[in-house]
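Before any comments, here is the structure.
Residue numbers (the numbering used here), protein chains in the order written: chain C, 1 to 108; chain E, 109 to 264.
Take a look at the structure:
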């Protein structure tokens, strides 16, 4: 299986107080644990179970994902730009693997 | 065809219920609110959260009415809320009661930081009412529902 690749789409700059749109996607199978392989064995569950977005190290949006989130989990959400700073995006997979991306937002 | 038959059955039942309720109207108040699908959803939410939700038009759950592919059904959730410290949405749970696993996802919002709005894509096993349940900062639960018809089982 390929390594999950996360992607984000965030504006580089924003006006103070502006609502910015953020799009995120991680390439991931989201194996539900409900399927069986050709030998009849249950394929173990392996999903992205949490997504967290931090702005200035403060959690500003997060999602708890269950099996029914579609493969390649996609989220489009909206944040209020306050001051220039770092946005961190973190995806957690069953079993503890973590995937992360970072983005610098310029607010002026 | 099956769906049409079922729809006709529901209509007939609704008509009969209305007739009975109308006839008994003089007799008392016990038939004031005839049972409907809403009660099942409310029961389920009470079972999951321990609280009784209120149906609210402050929640908007936009999904296609008919979608061929149950593996990736688009969903947009918008909540009417000022997102101030005094009045905001804490989180919203999306439920698909006819999926093998009911809870789809829970979205957490932060007052003055995130807007109460999100889009994603979900899996649906069969045609059903998808539910959204919002917990407000005062602890109250608001809910809404949207009927989605899928042609293929997205959970197989």
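Each residue gets a CB set at the ideal place from its N, CA and C atoms; glycine is no exception. Values in this document were obtained by computation on a predicted structure and should not be read as measured data.
Kindly indicate which residue of the options has the alpha-carbon position closest to the one of residue i.
i                      : options                       : result
residue 58 of chain C  : C/89, C/44 and C/18           : C/89
residue 222 of chain E : E/239, E/172, E/197 and E/207 : E/197
residue 226 of chain E : E/248, E/171, E/153 and E/156 : E/171
residue 6 of chain C   : C/108, C/104, C/99 and C/103  : C/99
residue 236 of chain E : E/191, E/174, E/215 and E/185 : E/174
residue 27 of chain C  : C/92, C/60, C/15 and C/4      : C/4
residue 73 of chain C  : C/108, C/41 and C/93          : C/93
residue 207 of chain E : C/10, C/69 and C/91           : C/69
residue 16 of chain C  : E/220, E/165, E/182 and E/190 : E/220
residue 216 of chain E : E/232, E/234 and E/191        : E/191
Identify, in the order they occur along the chain, each residue of the same chain with its Cβ nearer than 8 Å to the Cβ of residue i, setting aside the five sequence neighbours on each side.
i                      : result
residue 37 of chain C  : 43
residue 67 of chain C  : 30, 32, 33, 34, 45 and 47
residue 153 of chain E : 159, 160, 161, 203, 239, 241, 249 and 251
residue 71 of chain C  : 28, 29 and 30
CA-CA distance, residue i and residue j?
i                      : j                      : result
residue 45 of chain C  : residue 84 of chain C  : 39 Å
residue 147 of chain E : residue 228 of chain E : 27 Å
residue 86 of chain C  : residue 210 of chain E : 35 Å
residue 255 of chain E : residue 262 of chain E : 16 Å
residue 224 of chain E : residue 167 of chain E : 10 Å
residue 187 of chain E : residue 242 of chain E : 8 Å
residue 156 of chain E : residue 50 of chain C  : 20 Å
residue 39 of chain C  : residue 199 of chain E : 41 Å
residue 251 of chain E : residue 193 of chain E : 21 Å
residue 24 of chain C  : residue 214 of chain E : 16 Å
residue 288 of chain E : residue 103 of chain C : Since the first residue of chain E shown is 109 and the last is 264, residue 288 of chain E is not available in this structure.
residue 264 of chain E : residue 8 of chain C   : 29 Å
residue 244 of chain E : residue 195 of chain E : 8 Å
residue 60 of chain C  : residue 177 of chain E : 32 Å
residue 259 of chain E : residue 218 of chain E : 36 Å
residue 96 of chain C  : residue 65 of chain C  : 14 Å
Return the chain-ordered list of same chain residues with a C-beta closer than 7 Å to the C-beta of residue i, the five sequence neighbours on each side being excluded.
i                      : result
residue 21 of chain C  : 76 and 78
residue 12 of chain C  : 106
residue 150 of chain E : 160 and 161
residue 14 of chain C  : 20, 81, 105 and 107
Who are the near neighbours of residue i in its chain, counting only those whose CB is closer than 6 Å to its CB and skipping five residues on each side?
i                      : result
residue 18 of chain C  : 81
residue 180 of chain E : 229
residue 212 of chain E : 202, 204 and 230
residue 130 of chain E : In this predicted model, residue 130 of chain E has a pLDDT of only 44, less than 50, meaning its place in the structure is not dependable; the value taken from the coordinates is given anyway. Cβ within range, chain order: n/a, list empty.
residue 54 of chain C  : 88
residue 63 of chain C  : 51
residue 184 of chain E : 170 and 227
residue 234 of chain E : 206
residue 257 of chain E : 174 and 235
Could you please tell me which residues of the segment 61-91 of chain C, in chain order, have their CB closer than 9 Å to any CB of chain E? 61, 62, 63, 64, 65, 66, 67, 68, 69, 70, 71, 72, 73, 74, 75, 76, 77, 78, 79, 80 and 82
Just by C-beta distance, which residues in the segment 6-38 of chain C are closer than 8 Å to chain E? 19, 32, 34 and 35
Please identify, using Cβ separations under 9 Å, the residues of the segment 212-241 of chain E that lie next to chain C, in order along the chain. 212, 213, 214, 215, 216, 217, 218, 220, 221, 222, 223, 224, 225, 226, 227, 228, 229, 230, 231, 232 and 233
Uninterrupted beta strand (DSSP E) stretches inside the segment 142-207 of chain E (no shorter than 3 residues): 167-170, 181-187 and 197-203
Using a Cβ cut-off of 8 Å, which residues of the segment 189-204 of chain E contact any Cβ in chain C, in chain order? 204
Report the residue ranges of all beta strand (DSSP E) runs contained in full by the segment 64-91 of chain C; include only those spanning at least 3 residues, in chain order. 74-80
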